[in-house]
Structure formats: C-alpha cells, structure tokens
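Participant: I have a structure I would like to understand better, so I am pasting it below and will then ask my questions one at a time.
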Amino acid sequence: MNTDKILTGWNTWDTYSATTYVHMPEGYGVRIGLKEYLRGQYLQYPNIGRLGETDEKIRPGLHAYDGSYTELELEWRRIALKIQTAVRDDSLIIRIEPMSNTTRFIPSIVLEGVVLWNMPAVCRKDEQGIVWDAGGKTKRLQLISGVQNDDTYMPVSGPFVSIQLDQAVCFSIGEKYTPEQADEIIRENKEKMLTYASEKYKDYAQAWIGMQTSLAWNLIYDSKNKRPMINVSRLWNIDRGGYALFCWDNFFMGFMAAIDAPELGKNNIIENLKEVEELGFVPNGSFGNGRKSFDRSQPPVGTMCVWEVYKMDKDEEFLKEAFDLLLRWNRWWMEKRYNGGLLSWGSDDYDNKWEMDGIHETFGASLESGMDNSPMYIPEEVYFNPEKNILELWDVALNSMYIYDCEHLADIAGILGRNEEKELRERAEAFKKLLPRLWNEELGIYCNYKTDEQKFSTVLSPCNFYALMTGLPDDRQAERMMKEHFMNPEEFYGDWIMPSIARNHPMYPENTYWRGRIWAPLNFLVYMGMRRYEGLPETRILVDKSMELFMKEWTEHGHVHENYNSENGYGDDVLNSDRNYAWGGLLVLMTLMEEGLA
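First residue of the sequence shown? That's 634 in my numbering, and the numbers climb one at a time after it.
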C-alpha cells in the first residue's frame, strides 16, 4: 500500500514527544520544551499518559488525522498551558497559551529545531532565528508573538529559541502571519473539525471525538520500516524500541481509523498483516527492538476487520492485498493449533532470547488468547501439553472467531474469484458441526471443554458469549445466555459491564488486568455476536452501557483507557491501565455501528 499521501505534511509523528511537530517526508520540525525556574528543571519530551508523581500530565484534545489541527493541555510543576496547532498551505502555526503558574517565576517555552530519524536535512540558526534546509527548500521559524529571553542554560544540543511564558506565544514555520491571521487560521481549522463531527455524528459527536482523538494522538512514524502506524500507546512504543505492534489491538485500530481516514486505516491493517510474510502468522507482538512473539499469535480478528472496512467503500484492491496473508494465517491455525476437531490456544517451543517466562507453557498460551492473566488459562484450571504445544482446552472464543474468520474469508475469496472459497467454506462447516458440543445445557451457555479430562470448564467470561457470532445458538439458547448470564448481576450485569471474569469468580476481587476489569475488545466481540440476533434487547443494553463507560473517563479526565474497573467505571484506579490506549474507542464504535454511522 502506497503511504506517500499519508506521510506528507505536519503531524505529531515522533512517538517520544507529543509536543514535537514534524514535517514529512523530510523529517524536520520543532520540539516544544518547558523550563521552570523554581528548581531549574527542564521538560524536553512531554508525552501522554505518564503516571509518576512529578511527571507531566497531558490532556489530549482534538487532533485531525492529517495534522491540520491539534490541541492539548499540559500541566507540569505547577505550570499549566495549552498548545494549539494549525496548518495552512503547508505552513505550521503554533499557539501556546499560559493557563496557570503558581511558582512566582516566569517559565520559558523552548522551541528546539530538530531533524529526526537521520533524515538528510539541516537545522541551523542565524541572526534571525532557526532555519531548516530540507528537500531543496528553506523554511524559517517566524515568531508572531512573545518575548524572547537570553537564557542559554538548556539541555538542548541543537538550535533553539527561548521565550518567556507570561503571555501567549505564537509562531509559524513557513509563512509569516500577523497575530490576527494566525488566530483566525487556528479558529477555522478547529471549527472545521467540530463541524465535521457534529454533522456526521450528531448526538454522538463528543464520543466520536474521544475515540478519534486517541487514535490520532497514537499515530506515529516508524522510521525503521518507513511507515505510518497507529499503535496502542506512545509510551508502549518507547518501551519497545520505537514502535509496538500488537496483533488484535492494531487490527481494531485500523478498523476504527478507516471510518474517517480510509487509507490510514487500511494501511494499519495491511502493515499488521505483513508479519505473516516472515512467520506465517500475525504474532502477539512485534517491536522496534527486534523482539517478536515467535511462539504465539493472538485472536484471529484480522478478517473481521478487513471485512468491516471493505463494506465501507467496496475497495477490492484492499481485499486483494489482504487475502493471501489472511489465508496463510487461517491455515496456520489448522497446522499449529488443531486439537482433534477444534482449536486450542498454544505456545510453540523456540530458542527464545527475549522473554524470561511463559514460552512453551500455560502462560504463553494465555498470552496467545490476548487475555494474559485470565483465570480461564491458569495451570490450576487447564493443562498445557508440551508435546502438542497447546492447552488441552477447546476454547469457545477461539473457535467462534475462527468460524467467523473462515466464513468471511470465504466471502472475500468469492468476491475475488479465488478457488480457495470452497476450502474455507468446508472448513467453516466442519467447525460448525463440532462447536455445538461446547453447549452446556446444565449452565445454559457455551463453555470451554477440557480435552484431557473430558469435561467442561465452568470458568465464565465474556468469551463464552462469542458463540453468538457464529449464528449457531438457537433462539432458546441465546435467550438463556442473556437471561441467566448476561443479565445476571452475580456474573456479568451491573452498573458497569462486562467484567472480564464473572463477578462471582474467586479471582474477580483482584481487579487486576484480565481478572475482573472491563476490556473494550471483549465488549465489542460480544456485540459482534449479539448483533446477529435481531430484536435482542440486551444488545442495546451492552451498547449503551459501553458508551456510558467510555464517556465517564473521557469527559472527566480526557482518558481513553486500556481497561476499566467494573465496580466504579474508572480506569485510573490502577497503574496498569494506560490512559491513552486507543482500543478503548471500541466502546464507542458499537454505538456508531448500531446507529449506522460506521
């Protein structure tokens, strides 16, 4: 997929700093730093989601996918400010407005000229200020408002300009504007975004803004592979060598982005699928430091996301680019995870040099499920067979998603005229014949099945509802699942839903990661099953409560969380819930789909 169009112009491409604005494809730009004078501390790389007591706190605001408008609020060491950016005719305008300062000293805004990723550009300083020579053009930083100071004690190695922050600071790179012109361009670009949101999404405009904001602020440039990517979180990229791809996470983010930025969303999906070329499957993780999960994949939602994106614009070229990679991954599950009729999660043995534990044991297979510490996949509950590299467990979630994958990959094959359609339909039918064996009549729900002990596992999670996405449960079974389990306050119902393990499970009170907390992808995949059953009243309950959960933290704090507390709806009550984790937007996507807006 050609990304030249995406990788053009100004954006927050640098994962290391949310206040670095870079022009692509040349890689030149400006990094905004902040110096306080109570202790002389300098903030060079502000970023979203840091949790330390003395760390900066950023509230991300509007962010156009193409970088034409961005805004954020930053608090650090008793100083608060707002940054707005706008682009007009390839010129960047930045306005920095002080909001509060209780230090008694006037802080400095530092504009640091940068050239990133070893690009062939030059940043220099002359008597008039900072200049960039890049791509055969010369660009200059133009100060529009603000008073420079003479502080040179900055931990900055390149050209910079220091400006006192006792009034609004405004500057441009490219054309010179008057303060009035700059303010008008910023206002117009912001208004354009707000108008788009209100006209397209109407009553759900603010929710869409929350979903889209998280995606756009997580759009970065992966310099190693020369590609744009929307990843889970800027901080996760930093901890993993520059970028972090996670299998189902990145597929979902591509799906969400494609609603308003089709090429960007499709690119996210295709880049994730390219991992199949090397490994034969999409790994759990693939990172900038070279680390990959060579032993395991993750939930097969790639075809689901490709299919949903295809329905938006009927782009057959996109299907062609995705099909062979999806097919190879689909076959991999049969080759590596087939367990005498149905599939089981697993972890292959290999000469591992990256991870200290989990490989080729129960935890590795649990990681493949995407639900790392779930009580469904602990040694006390399920046996990992080292000879077969799999858990001895027919898994409701995996097999339901796989049936969905086979059926929709067959649909894609039919559209493209590929003869693999027959193979895929036959595979889907074979699995559909066996999946009903996972129906537990006594409990009234589909259950995982312990293949070594020949008995059901009665540990219940939202995954037990995934069978709905196959259409196999009849109306009686679907009604029992809803009444006896979904609406059961001892299991999944409540003010905040759906907990990742039933509320009456002994590990639910731990409230840590996949032990009791709410995760957007689980709600979303349950919704993908429920929506097959017309007139199911519980579908609207799930959709509305998911939206309510999202809006609580977004409205109060500007957070889009990795996971949420299922007792009070908060995401920031624990340290292991990233505050700008883009897949949280799936909580909004359900409403958009239900209302025909996505």
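Quick reminder that beta carbons are idealized off the backbone N, C-alpha and C, glycines included.
So, under 8 Å CB-CB, Met-862 and Tyr-876 are touching, yes? Tell me the CB distance rounded to an integer number of Å.
Facilitator: As a working mapping, residue 862 is identified with position 229 in the sequence shown. As a working mapping, residue 876 is identified with position 243 in the sequence shown. Going by Cβ atoms, the distance from Met-862 to Tyr-876 rounds to 6 Å, so yes, they are a contact pair.
Participant: Since I believe Thr-653 is in contact with Gly-660 (beta carbons under 8 Å), could you give me their beta-carbon distance rounded to a whole number of angstroms?
Facilitator: Here residue 660 refers to the residue found at position 27 of the sequence shown. Here residue 653 refers to the residue found at position 20 of the sequence shown. Actually they do not touch by this definition, with Cβ atoms about 11 Å apart.
Participant: Pick out the complete beta strand (DSSP E) segments inside the stretch 799 to 857, 3 residues or longer, and give them in chain order.
Facilitator: If we require 3 residues or more, the beta strand (DSSP E) runs fully inside the stretch 799 to 857 come out as 802 to 806 and 852 to 855.
Participant: Return the chain-ordered list of same chain residues with a C-beta closer than 7 Å to the C-beta of Glu-1124, the five sequence neighbours on each side being excluded.
Facilitator: Here residue 1124 corresponds to residue number 491 of the sequence shown, with the count starting at 1. Correct list, in chain order: Leu-1093, His-1118, Ala-1135, Arg-1136 and Asn-1137.
Participant: Report the rounded CA-to-CA distance for Ala-1063 versus Pro-1139, giving the unit in angstroms.
Facilitator: Working through the sequence shown from its first residue, we reach residue 1063 at position 430. Working through the sequence shown from its first residue, we reach residue 1139 at position 506. Those two C-alpha atoms are separated by around 36 Å.
Participant: Buried or exposed for Ser-790, going by 16 or more other Cβ atoms inside 10 Å?
Facilitator: Position 157 of the sequence shown, counted from the start, is the residue given in the question as residue 790. By the neighbour-count rule (16 or more Cβ atoms within 10 Å), Ser-790 is not buried but exposed.
Participant: In three-state DSSP terms, what is Asp-1108?
Facilitator: Taking the sequence shown and counting its residues from 1, the one referred to as residue 1108 is at position 475. In this structure, Asp-1108 counts as helix in the three-state DSSP scheme.
Participant: Whole angstroms is fine: what's the gap from Ala-651's alpha carbon to Phe-885's?
Facilitator: Residue 651 sits at position 18 when you count from the first residue of the sequence shown. Residue 885 sits at position 252 when you count from the first residue of the sequence shown. Computed Cα separation, rounded: 23 Å.
Participant: Going residue by residue through the stretch 636 to 709, where are the continuous beta strand (DSSP E) segments of at least 3 residues, counting only ones entirely within it?
Facilitator: Runs found: 642 to 644, 653 to 657, 661 to 668, 690 to 696 and 702 to 709.
Participant: Would you say Met-1161 touches the ligand SAH, meaning its beta carbon is less than 7 Å from a heavy atom?
Facilitator: The ligand SAH is absent from the structure shown, which contains no ligands of any kind.
Participant: Look at the alpha carbon of Val-915 and the alpha carbon of Lys-969, and state the distance between them as a whole number of angstroms.
Facilitator: Here residue 915 is taken as the residue at index 282 of the sequence shown, counted from 1. Here residue 969 is taken as the residue at index 336 of the sequence shown, counted from 1. About 13 Å.
Participant: Count the other C-beta atoms from every protein chain shown that fall within 10 angstroms of the C-beta of Asp-647, then say buried if there are 16 or more, exposed otherwise.
Facilitator: Here the question's residue 647 lines up with position 14 in the sequence shown. Buried, because 16 or more other Cβ atoms sit within 10 Å of the Cβ of Asp-647.
Participant: Pick from Glu-1014, Ala-1061, Trp-962 and Glu-1143: whose alpha carbon is nearest that of Leu-1105?
Facilitator: Taking the sequence shown and counting its residues from 1, one reaches residue 1105 at position 472. Out of Glu-1014, Ala-1061, Trp-962 and Glu-1143, Ala-1061 has the C-alpha closest to the C-alpha of Leu-1105.
Participant: Trp-750 to Glu-910, Cα distance in whole Å?
Facilitator: Along the sequence shown, one-based indexing puts residue 750 at 117. Along the sequence shown, one-based indexing puts residue 910 at 277. Their Cα atoms are separated by approximately 26 Å.
Participant: Identify which residue in Val-720, Lys-823, Cys-756 and Pro-753 has its Cα closest to the Cα of Lys-809.
Facilitator: Start at 1 with the first residue of the sequence shown, and residue 809 comes out as number 176. Among Val-720, Lys-823, Cys-756 and Pro-753, the Cα nearest to that of Lys-809 is on Val-720.
Participant: If you count every other CB in all the chains shown that lies within 10 Å of the CB of Tyr-837, and 16 or more means buried, which is it?
Facilitator: Stepping through the sequence shown from its first residue, residue 837 is reached at position 204. Burial call: buried.
Participant: Do Val-743 and Lys-668 have their CB atoms nearer than 8 Å?
Facilitator: Within the sequence shown, numbered from 1, the residue matching residue 743 stands at position 110. Within the sequence shown, numbered from 1, the residue matching residue 668 stands at position 35. Closer than 8 Å, so yes.
Participant: Take Tyr-983 and list the residues in its own chain whose beta-carbon comes closer than 6 Å to its own, dropping the five residues that flank it on each side.
Facilitator: Walking along the sequence shown from the start, residue 983 turns up at place 350. Once the five neighbours on either side are set aside, the close Cβ partners of Tyr-983 are Phe-927 and Asp-928.
Participant: Tell me which residue opens and which closes the alpha helix (DSSP H) that Met-1163 is part of.
Facilitator: Residue 1163 sits at position 530 when you count from the first residue of the sequence shown. From DSSP, the alpha helix (DSSP H) with Met-1163 extends over 1153 to 1163.
Participant: When you compare only the Cα positions, how much space is there between Ser-724 and Val-747?
Facilitator: Against the sequence shown, residue 724 aligns to sequence position 91. Against the sequence shown, residue 747 aligns to sequence position 114. The alpha-carbon atoms of Ser-724 and Val-747 are separated by roughly 16 Å.
Participant: Measuring only the C-alpha atoms, how far is Met-1004 from Leu-774?
Facilitator: Position 371 of the sequence shown, counted from the start, is the residue given in the question as residue 1004. Position 141 of the sequence shown, counted from the start, is the residue given in the question as residue 774. Going by the C-alpha atoms only, they are around 48 Å apart.
Participant: Just the Cα atoms here: how many angstroms apart are Thr-995 and Glu-1013?
Facilitator: Taking the first residue of the sequence shown as 1, we reach residue 995 at position 362. Taking the first residue of the sequence shown as 1, we reach residue 1013 at position 380. When rounded, the distance between both Cα atoms is 10 Å.
Participant: On the CB-based measure, 16 or more other CB atoms within 10 Å of its CB, does Pro-1170 come out buried or exposed?
Facilitator: Taking the first residue of the sequence shown as 1, we reach residue 1170 at position 537. By the neighbour-count rule (16 or more Cβ atoms within 10 Å), Pro-1170 is not buried but exposed.
Participant: Let me make sure I understand the geometry here. Which of His-656, Arg-683, His-696 and Arg-710 has the alpha-carbon closest to that of Leu-671?
Facilitator: Mapped onto the sequence shown, residue 671 falls at position 38. Closest option to Leu-671, Cα to Cα, is Arg-710.
Participant: With C-beta atoms as the reference, is Phe-951 less than 8 Å away from Lys-899?
Facilitator: Sequence index remark: in the sequence shown, residue 951 carries index 318 (1-based). Sequence index remark: in the sequence shown, residue 899 carries index 266 (1-based). Cβ distance < 8 Å, so Phe-951 and Lys-899 count as in contact.
Participant: Could you tell me if Gln-674 is buried or exposed, where buried requires 16 or more neighbouring beta carbons within 10 angstroms of its beta carbon?
Facilitator: For this step, residue 674 is matched to residue 41 along the sequence shown. Exposed.
Participant: Compare the beta carbon distance of Val-780 and Gln-797 with 8 Å and say whether it is the shorter of the two.
Facilitator: As a first step, residue 780 is located in the sequence shown; it is residue number 147 there, counting from the start. As a first step, residue 797 is located in the sequence shown; it is residue number 164 there, counting from the start. Yes, they are a contact pair.
Participant: When the distance is taken between beta carbons, is Leu-1220 closer than 8 Å to Leu-1182?
Facilitator: Along the sequence shown, one-based indexing puts residue 1182 at 549. Along the sequence shown, one-based indexing puts residue 1220 at 587. Yes. Within cutoff.
Participant: What residue from Gly-642, Val-865 and Glu-708 has the CA that sits closest to Glu-686's CA?
Facilitator: On the sequence shown, position 53 is the one that residue 686 refers to. Closest option to Glu-686, Cα to Cα, is Glu-708.
Participant: With a 10 Å radius around its C-beta and 16 neighbouring C-beta atoms as the bar for buried, classify Lys-1066 as buried or exposed.
Facilitator: As a first step, residue 1066 must be located in the sequence shown, where it is residue number 433. With fewer than 16 other Cβ atoms within 10 Å, it is exposed.
Participant: Any idea what DSSP makes of Pro-1132, helix, strand or coil?
Facilitator: Taking the first residue of the sequence shown as position 1, residue 1132 is located at position 499. Pro-1132: strand per DSSP, three-state reduction.
Participant: Can you tell me the Cβ-Cβ gap for Ser-1101 and Met-1163, rounded? I've got them flagged as a contact below 8 Å.
Facilitator: Walking along the sequence shown from the start, residue 1101 turns up at place 468. Walking along the sequence shown from the start, residue 1163 turns up at place 530. Note on identity: in this sequence residue 1101 is Leu, with Ser being the wrong assignment. Correct: roughly 6 Å between the Cβ atoms.
Participant: Find out if the Cβ-Cβ distance for the pair Gln-677, Pro-812 is shorter than 8 Å.
Facilitator: To locate residue 677, count along the sequence shown from 1; it is residue 44. To locate residue 812, count along the sequence shown from 1; it is residue 179. Contact: no.
Participant: For the beta strand (DSSP E) containing Thr-718, name the first residue and the last one.
Facilitator: The residue you call residue 718 lines up with position 85 of the sequence shown. Note, Thr-718: beta strand (DSSP E), 712 to 721.
Participant: Alpha carbon to alpha carbon, how far is Tyr-1126 from Met-1120?
Facilitator: For the purposes of this step, residue 1126 is identified with residue 493 of the sequence shown, where counting begins at 1. For the purposes of this step, residue 1120 is identified with residue 487 of the sequence shown, where counting begins at 1. When rounded, the distance between both Cα atoms is 5 Å.
Participant: Comparing C-alpha positions only, which one of Leu-1076, Ser-930, Asp-699 and Lys-823 sits nearest to Pro-895?
Facilitator: As a first step, residue 895 must be located in the sequence shown, where it is residue number 262. Of the candidates Leu-1076, Ser-930, Asp-699 and Lys-823, the one whose C-alpha sits nearest the C-alpha of Pro-895 is Asp-699.
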